[in-house]
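Structure first, then comments.
Numbering (my numbering), first residue to last: 1 to 312.
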């Protein structure tokens with residue numbers, strides 16, 4: 001290594017050390033004067049919390065695209081806001097533009113710089129150090145939805161982790177995807193469509209009503225309890241069992257096609273081998289199509305107590 005290279009390397013190390021010392025001194029002074037250095041706060045469990053209130057933004061769509069993370073959507077909240085747990089600045093993009101609230105992973109630390117009419121602005125070496133402190137902590141996104149929400153679409157994608165939604169009762173489209181992990185929906189009512197994609201893991205529903213339901217899964221267990229669709233259902237699972245418990249008394253009049261080439265099918269209490277096709281469908285009827293390539297299919301029913309489930 002050339003002598004000039006060694007000199008510059010030593011200078012870089014010295015400057016980095018000075019930067020760390022300055023950050024430490026600045027943090028101490030800020031604490032003494034009650035000045036917040038970060039938009040995020042740290043909770044009692046030493047988690048980094050950032051909260052954004054989107055009430056009044058007129059948000060129509062919520063989009064999330066993250067790697068390893070737990071994503072939760074809660075309905076019936078008094079306030080519309082999103083909470084990011086252990087997301088340090090420079091590791092994500094959060095925006096609320098064009099009526100869309102979006103959170104996207106971004107590990108590009110150049111995001112700590114901004115270019116504008118006044119030149120280049122560095123948002124602080126302290127943010128880089130903060131990111132290192134929380135790099136190994138589990139990340140969570142909590143999204144809170146009000147009862148009178150204007151949101152019409154959810155587009156939620158998780159690499160590894162979980163996707164959970166509960167207590168949502170208004171009209172919205174949902175596209176949810178998890179490459180490895182679990183997808184859980186509970187107490188959901190929408191007169192629009194639900195589309196689920198699961199790589200490895202599980203898909204679990206409890207009391208979910210929608211216009212139509214589409215599930216595509218790789219190696220996954222699919223357990224749908226107390227479900228109701230106004231129209232059709234399409235489920236394809238490469239490996240794993242499918243259990244569908246419907247609020248309908250039966251699927252009379254529907255076009256029903258069930259296939260389990262390497263498994264067994266139980267259709268409303270009757271064993272029908274590895275395949276079943278209905279013969280009493282109505283003209284223009286909707287379709288119930290379920291395929292479990294390597295698994296069993298069970299279709300059962302829990303009669304609905306509320307008559308609203310019986311009419312489209």
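Every residue gets a Cβ at the ideal spot worked out from N, C-alpha and C, and that includes glycine.
By the Cβ neighbour-count rule, residue 86 is buried, with 16 or more other Cβ atoms within 10 Å of its own. Under the rule that a run must span 3 or more residues, the beta strand (DSSP E) segments found entirely inside the region 139-174 read 140-146, 153-169. For the pair residue 250 and residue 281, the Cα-to-Cα distance works out to about 12 Å. Note on geometry: alpha-carbon atoms of residue 182 and residue 244 lie some 17 Å from one another.
In the three-state DSSP reduction, residue 99 falls in the coil class, being neither helix nor strand.
The continuous beta strand (DSSP E) containing residue 228 extends over residues 212-229.
Residue range 233-239 is occupied by the beta strand (DSSP E) that includes residue 236. DSSP, reduced to helix, strand and coil, places residue 189 within a strand of the structure shown. Between residue 172 and residue 190 a beta carbon distance of about 5 Å is seen, short of the 8 Å cut, so the two are scored as contacting. Looking at 68, 257, 194, the one whose alpha-carbon comes closest to that of residue 152 is 194. In the structure shown, residue 7 adopts helical secondary structure according to DSSP, grouped into three states. The Cβ-Cβ distance between residue 208 and residue 297 does not fall below 8 Å. Rounded to whole angstroms, the separation of the alpha carbons of residue 57 and residue 293 is 45 Å.
DSSP, reduced to helix, strand and coil, places residue 59 outside both helices and strands of the structure shown, so it counts as coil. Residue 216 has its alpha-carbon roughly 24 Å from the corresponding atom of residue 167.
A straight-line Cα-Cα distance of about 42 Å links residue 157 and residue 14.
Counting C-beta pairs closer than 8 Å gives three or more between the region 46-57 and the region 87-95, which meets the contact rule.
Where residue 259 is concerned, the enclosing beta strand (DSSP E) starts and stops at 255-259.
When C-alpha distances from residue 265 are compared across 55, 230, 290, the shortest belongs to 290.
Using a 10 angstroms sphere on the CB of residue 240, the tally of other CB atoms reaches 16 or more, which defines it as buried.
Beta-bridge partners of residue 201 (DSSP): 181, 220. Across the structure, residue 10 and residue 4 are spaced so that their CA atoms are roughly 10 Å apart. Within the DSSP secondary-structure output, residue 65 pairs in a beta bridge with 104, 157.
One Cα belongs to residue 179, the other to residue 7, and the distance between them is close to 48 Å. Bounds of the beta strand (DSSP E) holding residue 292 are 287-294. Between the region 63-74 and the region 100-107, the count of Cβ pairs shorter than 8 Å is three or higher; the stretches touch. Looking only at 81, 95, 170, 96, the smallest Cα-Cα distance to residue 144 is reached by 81. Taking 8 Å as the upper bound for CB-CB distance, residue 176 and residue 163 are in contact here, some 5 Å apart. Between residue 213 and residue 233, the C-beta gap is smaller than 8 Å, which places the two residues in contact.
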